[in-house]
Every structure is written in C-alpha cells, then in structure tokens.
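Engineer: Here it is, the structure, as structure tokens.
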Amino acid sequence: MMLKVRNLIKDYKTGFFRKKVRVLHDVSFSVNEGEIYGFVGPNGAGKTTTFKAVLGFCSITGGSIEIMGKPLGDAELRRHIGYLPENPYFYDYLTGEELLRYMGGLHGISGGQLQKRVEGLLEKVGMSKDRRVQLRNYSKGMLQRIGLAQALINDGDFLILDEPMSGLDPIGQREINDLILEQKREGKTILLSSHILYNVEALCDRVGVIIKGRVVKEGELGELLKEIQTDYELLLDGVDESIRERLDGLDITLENKAGMVALRFNEDIKPAVLQRVMELKADIVSLQPRRKSLEELFVEETMKS
Amino acid sequence: MLTNLFRSSIAGLVVVAVLIALSIPFQRGINSERGEFRSLTQVLYLSSSTLRRVSLGYEELLADIYWLRAIQYFGGKKHAEKDPELLFHFFDIITDLDPKFVNAYRYGGTFLADIPPIGLGDIEKGVELFDKGRANNPDNYHLPLEEAFIFFMYTEDFERAAELFCEAADKPNLSAFRSASLKGMCALAHAKGGDRELSRSVWTYIYENTTNEGRKEFALRNLKELQTKDMEDMLTKALRIYVERHGVLPGSLEDLKTAKIMKKLPVEPFGGSFVITPKLMAVKSTTLAEDELYRAKDFLYMRAQKFKKFSGRLPRDLLELRSFIESSPTGQWLEHPYGEQYVYDPQTGLIEYDKVKQGNELED
Amino acid sequence: MYRVWSVAHNTFIEAIRDRVLYSMFLFAALMILSTLVFASISADQYNKIVKDLGLTAISVIGIMISVFLGMGLVYKEIEKKTVYNIFSKPIRRYEFILGKYLGLGSTLLLLTIGMSVILLLVVLYTEITHGGMIEFYYGGHYYAQFFKAVYFQYLEFLVLIAIALVFSSFTTPIMSVLFTFLTLAMGKFSSDIKLFAQEVESPLVGYVTDFIYVVIPHLDSFNVRHEAVYGGEINWKLIFYTTGYAVLYTLALLKLSIVIFNRREFK
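Structure representation (structure tokens):
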C-alpha cells in the first residue's frame, strides 16, 4: 500500500479571533502500488488540503496518514515523492532548465547526474526547445509540462498531481494524459485530483469522491459508474407543462426545451412514464439515456449529506 | 505531533536565549574597546545638516531630543569634564535643527560664557551662539540683552554692550516698564561706558529677573562687589591724599584714620580685608583681588593650553602667551590685580599664584 | 548541505535578477560619484566629504536592500505558493531558512564589494588630485580604517538580514518592513538605552532597561565611519568582539526564524 489515509480531520483557525473552521471532516482512502488513483470532488471539497496534509505542509487535527507504511513527518520519505501543485506559480525569473536544476538540487541531486536527469526530462515533456526561456514567458500548458517534469526530477515512486489537467486545452490535456500513462507503465503510483471526472475517467484505476471534506465513495471506476443510475430524457412535442399533473405520482423533472417539453426520470420508472405518455397521445420526439455527470452526482451526494 | 512541535519550539527558544547570553561578553568587549578610542560623547558629534536630512521632517523633535540630551549630559557631569567645544556643538545642532528655539541660545550662550563654576567661561563661543540666535530671531529682546550682559560683565566691552542694550530696547512688543529700563541701560552704557551705575542696574535687573538660583546669587555677589569697589575707590582716594601730604605710603590703613583723612575705615563686605598695593598706589579688597587672580590664573592656563593645541607646545614665557591672547579679536590680557608680575611655569603652563602672594607680602 | 546551497543559489539568482536591486545599486553608484561634486564645494574638505557621504551611501543603500529583499524572503515563497514545490522535496525547514539567509548574505557581499570598490576609486582619485591637502587636514589616508569600516558595515547588513528574516517568517512584507525599521531605529540608538540604564535610579527599571539593552541589536557598534575619515585605532580586539557579536546575534536570530518557521502551516 502506497498511501493510507484514515479518518483525517483538519481544522483551520482563521481571523482575528482564531475561529475554528473544519475543512476536512472525515477523509479515508488508500492508494495501492502501481495504480492511478483519482481523487475527485468539486472545488473547495478539500482535495488540495488533503494533499497538503499528506505532504506534511500543515499539521493534522485528527486521524492518521501513512506513506509506504511509515507515519507522516519523515522528510526522507519525500525522496520518493514527486509533487505537482495546483496552479503552480514557479519562479518566473528562472528558465525552465534552471527550475529543474534547482528542484533537483533540493533533492540533493547534483553534478552530472542532475544534468542527465534535466536533459532527459526536458526531452520527455517536449520542452528542450524552450529550456532557456524564462518561466514568465511560458504558456499555461508549458508551465504544466515543466511542472510535471520537476515532479519527476527525483524519479520517485509516488507522484501526487494536484489538478494536472486544469486550465488546459484538449490538446494540452491529451499530452499530460499521455505523460501520466507513461509514468504508470514505468511502474509508478500516481495520485491525482480533479474536479472534472471526465478528464480523469480514462486514466484512473480507482477513484475516491470527496465532498465537503468527506470521502463519500471509493472504489474501482467501473463499479462506481455502474452504481450511478442512468437517467433518461424524453422529449415531447404538442404538450405543455400541464402534463405534470397527468404524470402525478412519478418522480420526474420537467423542463421547457425549444418549445418542447423535456422529461427527465430514472431508469426504474421508464415503463410507467412511457405508458402514461402513450395514453396522453403526446408526440414523442426522442428518448435518450443520459449518464449523470460527476457534477450531478456531487449535487446528489451533497443533498444527502 | 503538536506537543512535539511545542517542545522543540521551547528548546529552540532556549537556544536563542543562550546565544544572546553568549553575545553579552562580546557586547561588553565592544563597549570597552570602543571606549578606548571613542567615548559616547564623541559619537554625538554629528553634522547638523546630516541630522536635518535624516530627521525626515522631524527637526524640532530631534532638536528637543538633543536638547534633553545636552541638559542631561551637562547637568550630570563634574565640572572639569564639561567641554565647551562639545556644548557649543550641541547647541549649534539644536539651533540648526530648530532655529526658533530661543531658550537654547539663551541657556547655551549664557552657560558657555559665564565664568566657572556657573558656566564654562568660553566667551567667544557664547557670543557666537547669541549672534546666531539674534540673526534667527530678530524680534526677541532677551537675546541682545543677555548677550550685552556678557560683553558688559566679562569682556567689559562697553561699546558693544551699549549697542546691544539699545538693540534690545528697540524691539517691538515690550511692556512700558521693560522698555523704559532697557532704554535706561542703553543710555547709561552709551554715556558712561563702564559706569558702576550701569553695573548696578544690570545686576539688579538680573537679580530680579533670573530664575536660576546660582545666577541670582551671582548677581547679589556682584552687587556686593560693586559696593566693595566703591569702598576701594574711597580708600584709594584717601590714600593718595595721604601720600600727597606726607610724601610716603602709610604703614597701614589705620594711618589714614590717624591722619584724619578718613573718619572711619569701612569693613570689607566679604569678610576679607583692604590692603595697600604700592605698585598701583591703590587700596584693594583682598577678596576681589584673590578672585581676579584666581580667574586670571584659570584664564591664562586655558589660553596656554589652547596655544599648545595650535603649536604643539606651551608658550615659552608670559610675553609669548600675552601676544597669543591679544592676537584673538576678543582676547584681552588680564592685568595682575596688585600690579605685580605673574610667575609663569613654562613646563606646566601654570601661573603660580602663591609666589605672587609672597611678592605682595614682601612689599608689606 | 547541497540542498542549502541550492536554496542559497536560487535566492542569489532571484536577487540579482531583480530590477529593483539594479536600480538601487545604480543609485548607490551615483551617490558615491556625486560626492565628488559635493567635495568640490566643500572648501578643501575633499577626503572627508567623499568618505562621509560615500560610506553613508553604502550604509543607507545596503540597509534598504537588506530590508527590502529581506522582507519578502520567506513570505513571498509562501504567498506565491512556491513553498509547496520546495517542501515536497526532502529539504528540512531549517535548511530552507539557512539557504535563504546565505543567498541574501552573498548578494549583499557582492553589492558591498561593488559599492566599496567604486568608493575606493573615488577616494583614490581625490587623493591623487589633492594629495598634500588630505594629509595636511587629516594627518593620513587611513586606508586600513576604510576597509575595516566597510567590513563592519557588512556585518551590520548580515545582522539586519537576519532581523528581516525573522519578521518575514511570520508576517506580511509591509509589517515586516515596519518592524525591521523599528528594530533598526532601536538598534541605532542602543547606546542611548545604555546611557539611560546607567542613569536610571529605580532598580526595577534598571533591570528592564539592561535586559532591553542586551536583547536589542547594537547596530551602532558597526559604525566606524568616523575613524575612516579622521583616523583612530580599530584594533584586532575590537574586530574580534564585533565579529563575534555579529555572528552570535545572527545565529540567535536564525534560530528564532527557524523556530517560527517550523510552527508555520502552509495553507
């Protein structure tokens, strides 16, 4: 087991009166060796805070964190970790190459070995051409790539990537995606976070869903998706919103769409709904299955909690 | 975890305290070493223009701080340690920073010029400070008046004193009484120069107006001195009549009574006595003469030291010392009160005043 | 150790690529050169004016650079979230603080040397052009004292950076600058505090004043500019004591920064 987080609680004291604010209520999840673990949740759910606690940037109020079977607080552990922060603000006066050399230096790597690593990584992330350009002149995508490169500088076994895809165009996302998969093939364990499930769906072996400081679901992505029930959308013409009264007793949502009425309902009640609609002689334009987006899932979970 | 952090913080603070404690001997070392070549007072020698610049517009505040420092420093030191150069420097800075600080000129100028032990006896510096004050504060009557006192009392430059009395009398916003008394001093000084009438009115003015106990006493003493001088004059007149009649000096003052020139011999107000000085053919009060001698000795010694500062050695003899003193525009040679010669030691620069006394006794 | 060096190196690079530093250095150079103008209207006091103003320029600009670069030393890394990058690596917090300090310390070393060389050239120039005059007025050239004054000045910068570092490790740059300047002012007047401690009569107030005197930095101990102009002995004992004091006091400040920084959470 690469990482084991159990019942993590984190309070911040804010403001003049040091008022306590609980950011993490109960976070438990674990990352197995060699897998890509997606840590997903809406913005402000506590993803970054959890990562900071894992990396020891802040103290924890309760619970426990184990990395590679060792309790938190050992700086030596960080030799094996690569970390890409969210929206990395690097030193904009450094060039890409200088940044990598500095970050390597912080790992205690020096001399020829450092030079070799830097060259290799610049090549790997496709930044060899821009190595002598100051970071202030980098695009978002270039920053993300150089950021990933610095996370790989120590060739650690465990990568923690905070929102690696955010702010990138589809091509940029694709590139990062490929780089992450390549790391997995090299046998590394990857923990990454995202607020858009779609972005990480294709990458992750397992996913943990965090909402309002609590991990509410954890499991293999396929199982999780199966668990998520499919919705249907029925588009009707020639009726108005009074149709709701006729569908009394069924759990549907109703929406006006381009002069037509769209009904949304769960798979369970599909036969009942269709039967009623047929009875009403409404003009069925289309019937489409709609898988819930992560956002909707979040909303659902949030309502529950 | 947290308690660990707490414990290590405490340990860290202990280390900080230990390091600071270790630095104490070094602090002491620095202080003792620096003391060898630079005293605290020397650090205070700053140029006032630098001060103005660094004071960032808080000149007055800075002047006040300096003022307090000057008072503290000079109030607490033994007299011998008071350096007129440094005092002048202080007040120069203070008044550079705050040119309207009239009391700084008054206090500083008077303190510099007053004879020891009331002041430091540096008339030139005192006058310089007053001149600066008058230039910066043309409407203030205290400054010319008190500067006039210096010329009047110490250098006996009555012309200059008269000018300053008149300048003070011409200032606006004076009360009728003050204006009248200043005009009186002005007129007297003009008319009679070193007249005792003027002295009496000046000292009475000071006696009545000063808040400084030492100065009040000093004024009283001066008034007494004036009385003594009147007596001296009276006795000298009688003495000269005696000599005219008898062709020789009387053996003692009693002879004046016996010769019926004087009905009664006056008693010296300070408890000393009156003696006959053959060289001057005059009668002198021993108290006043001793004072003059004391002052002369001090003054001559200081000038001899100043001479040494310039040329690296003490004056060879009295003649050299005298010409040096008289080369300064306000410098004036002090005659021996008994009309005798000083005995000067070129090794130490000291006037040996016991020997002068002996000389006097020889005449007796 | 290599990690400390890496942080120091980066801090140095950051400083020397900062445009503010260049303009300050340029300003210092101009001030030093302009002493020639002031000297020419000083009624023959060339040497004094050049050295006084030149050494003051070095002092003032050096202090400004120490304070303004020192203020953001730690805070900026937290504010810009670069600490996340740094502390995901196996570097200890004390190594980071030491690296930051050494980085700025070497920046100031370079600057001090640069400014002093310019001043020395100006001094040499005036001495060549007005040779006899200087010895006549001041009785010597006092090159040794000049270098010692520069060395003492650098010691002051070292202490000052450490002070700025302490404040930077727990407060915002503006507060940090404010606190640093307050400490600076106290340090410059430390001899007055000593004077006060000697004069005061109440024993309690005396102890408190003594304590304050011991704790505040004695920045006026680093000023031997007077001797660089008028001569005067700066003996090896004084150099030893002053250096020892600067080192111990700086170590105390660094330890304090580390204690504070260790307690800090990065949000």
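Chains as they are written, first to last, in my numbering: chain A, 2 to 306; chain B, 27 to 390; chain C, 8 to 274. C-beta: ideal position from N, C-alpha, C; glycine also.
As a quick exercise: from A:TYR92, A:GLY97, A:ALA273 and A:ARG79, pick the residue whose alpha carbon is nearest that of GLU120 (chain A).
Structural biologist: Answer by Cα proximity: A:GLY97.
Engineer: Tell me ASP232 (chain A)'s beta-bridge partners as DSSP assigns them.
Structural biologist: Answer is A:ASN267 and A:ARG291, bridged to ASP232 (chain A).
Engineer: My output table needs one value for GLU182 (chain B): the three-state DSSP class, helix, strand or coil.
Structural biologist: DSSP places GLU182 (chain B) in coil when its eight states are reduced to three.
Engineer: Taking C-alpha atoms, which residue in A:GLY39, A:LEU281 and A:LEU25 lies nearest to ILE191 (chain A)?
Structural biologist: ILE191 (chain A) has its Cα closest to that of A:GLY39, out of A:GLY39, A:LEU281 and A:LEU25.
Engineer: Skipping 5 residues on each side, what residues in its chain have a beta carbon closer than 8 Å to that of ASP170 (chain A)?
Structural biologist: Result list for ASP170 (chain A): GLY142, in chain order.
Engineer: Would you mind telling me which residues of chain B sit closer than 9 Å to GLY77 (chain C), beta carbon to beta carbon, in chain order?
Structural biologist: Chain B residues near GLY77 (chain C): none, gap ~19 Å exceeds 9 Å.
Engineer: Within the 8 Å Cβ cut-off, does PHE52 (chain B) reach chain C?
Structural biologist: Yes - at least one Cβ of chain C is within 8 Å of the one on PHE52 (chain B).
Engineer: Does the Cβ-Cβ distance between THR121 (chain B) and PHE127 (chain B) come in under 8 Å?
Structural biologist: Result yes, Cβ atoms of THR121 (chain B) and PHE127 (chain B) sit closer than 8 Å.
Engineer: Identify the contact partners of HIS26 (chain A) in chain C, using a Cβ-Cβ distance below 8 Å as the criterion.
Structural biologist: By Cβ distance, chain C contributes nothing, its closest Cβ being about 18 Å from HIS26 (chain A), past 8 Å.
Engineer: Within the same chain, show all residues whose beta-carbon is closer than 7 Å to that of GLY298 (chain B), passing over the 5 residues directly before and after it, in chain order.
Structural biologist: Result list for GLY298 (chain B): SER311, THR312 and THR313, in chain order.
Engineer: Is the beta carbon of PHE350 (chain B) less than 8 Å from the beta carbon of PRO363 (chain B)?
Structural biologist: No, they are not a contact pair.
Engineer: Which residues of chain C have a Cβ atom closer than 7 Å to the Cβ of GLU111 (chain B), listed in chain order?
Structural biologist: By Cβ distance, chain C contributes nothing, its closest Cβ being about 15 Å from GLU111 (chain B), past 7 Å.
Engineer: Can you confirm whether PHE273 (chain C), when its beta carbon is compared against all beta carbons of chain A, has any partner nearer than 8 Å?
Structural biologist: Yes - at least one Cβ of chain A is within 8 Å of the one on PHE273 (chain C).
Engineer: Reducing DSSP to helix, strand and coil, say where GLU294 (chain B) ends up.
Structural biologist: It is coil, neither helix nor strand.
Engineer: Based on the DSSP secondary-structure assignment, which residues constitute the bridge partners of GLU221 (chain A)?
Structural biologist: Per DSSP, A:ARG207.
Engineer: Taking only the alpha-carbon atoms, compute the straight-line gap between ASP183 (chain B) and PHE177 (chain B) and give it to the nearest angstrom.
Structural biologist: If you take the alpha carbons of ASP183 (chain B) and PHE177 (chain B), they lie about 5 Å apart.
Engineer: Is it the case that the Cβ atoms of GLN107 (chain C) and VAL231 (chain C) are separated by a distance below 8 Å?
Structural biologist: Contrary to the premise, residue 107 (chain C) reads as Lys rather than Gln in this sequence. Against a cut-off of 8 Å, the Cβ pair of VAL231 (chain C) and LYS107 (chain C) comes out as no contact.
Engineer: Within 8 Å (strictly less), CB to CB, does GLY38 (chain B) reach chain C?
Structural biologist: Yes, GLY38 (chain B) lies at the interface with chain C (some Cβ there is under 8 Å from its Cβ).
Engineer: From TYR214 (chain C) to LEU39 (chain B), what does the alpha carbon distance come to, in whole angstroms?
Structural biologist: Each residue's Cα considered, the two are about 21 Å apart.
Engineer: At the level of alpha carbons, what is the spacing between PHE116 (chain B) and PHE103 (chain C)?
Structural biologist: Taking the straight line from one Cα to the other gives about 48 Å.
Engineer: Using only alpha-carbon positions, find the residue among C:ILE200, C:LEU226, C:VAL67 and C:ILE219 that is nearest to ALA36 (chain C).
Structural biologist: Per the Cα distances, C:VAL67.
Engineer: Can you tell me whether LYS289 (chain B) is helix, strand or coil according to DSSP?
Structural biologist: Three-state DSSP puts LYS289 (chain B) in coil, outside helix and strand.
Engineer: Please name the residue or residues paired with GLN135 (chain A) in a DSSP beta bridge.
Structural biologist: GLN135 (chain A) pairs with A:THR96.
Engineer: Once DSSP output is grouped into helix, strand and coil, what is the label at GLY42 (chain A)?
Structural biologist: Coil.
Engineer: Determine the direct distance from the alpha carbon of MET193 (chain C) to that of GLU318 (chain B), and round the result to whole angstroms.
Structural biologist: Those two C-alpha atoms are separated by around 50 Å.
Engineer: In chain C, which residues lie with their C-beta within 8 Å of the C-beta of ARG60 (chain B)?
Structural biologist: Correct list: SER228 and LEU245.
Engineer: When the Cα of VAL22 (chain A) is compared with those of A:LEU4, A:SER194, A:GLY47 and A:VAL41, which residue comes out closest?
Structural biologist: Ranking the options by Cα distance to VAL22 (chain A), first place goes to A:GLY47.
Engineer: For GLY168 (chain A), collect the residues of the same chain with a Cβ closer than 8 Å to its Cβ; drop the 5 residues on either side in sequence, then sort them by chain order.
Structural biologist: Closer than 8 Å at the Cβ level, and outside the excluded window around GLY168 (chain A), lie ASN88, LYS141 and GLN145.
Engineer: Return the first residue and the last residue of the alpha helix (DSSP H) that ALA174 (chain B) is part of.
Structural biologist: Its alpha helix (DSSP H) spans residues 168-176.
Engineer: Taking only the alpha-carbon atoms, compute the straight-line gap between SER41 (chain C) and LEU128 (chain C) and give it to the nearest angstrom.
Structural biologist: Answer to the nearest angstrom: the Cα atoms are 13 Å apart.
Engineer: Could I get the ranges of all uninterrupted alpha helix (DSSP H) runs contained in the region 49-131 of chain A, with 4 residues as the minimum, in chain order?
Structural biologist: Listed in chain order, they are 97-107 and 112-125.
Engineer: At a CB-CB cut-off below 7 Å, which residues of chain B make contact with ASN17 (chain C)?
Structural biologist: The contacting residues do not exist; ASN17 (chain C) stays about 25 Å from chain B at best.
Engineer: For ASN129 (chain B), count the other beta carbons within 10 Å of its own beta carbon; 16 or more makes it buried, fewer makes it exposed. Which is it?
Structural biologist: By the 10 Å Cβ count, ASN129 (chain B) comes out exposed.
Engineer: Closest to MET8 (chain C) by C-alpha separation, out of C:LEU109, C:SER198, C:GLU163 and C:LYS201, would be which residue?
Structural biologist: It is C:LEU109 whose Cα lies nearest to the Cα of MET8 (chain C).
Engineer: In the DSSP assignment, the alpha helix (DSSP H) including ILE23 (chain C) goes from what residue to what residue?
Structural biologist: ILE23 (chain C) -> alpha helix (DSSP H) spans 9-23.
Engineer: For GLU134 (chain C), would you say it is in contact with chain A, using Cβ-to-Cβ distances shorter than 8 Å as the test?
Structural biologist: No, GLU134 (chain C) does not count as interfacial toward chain A.
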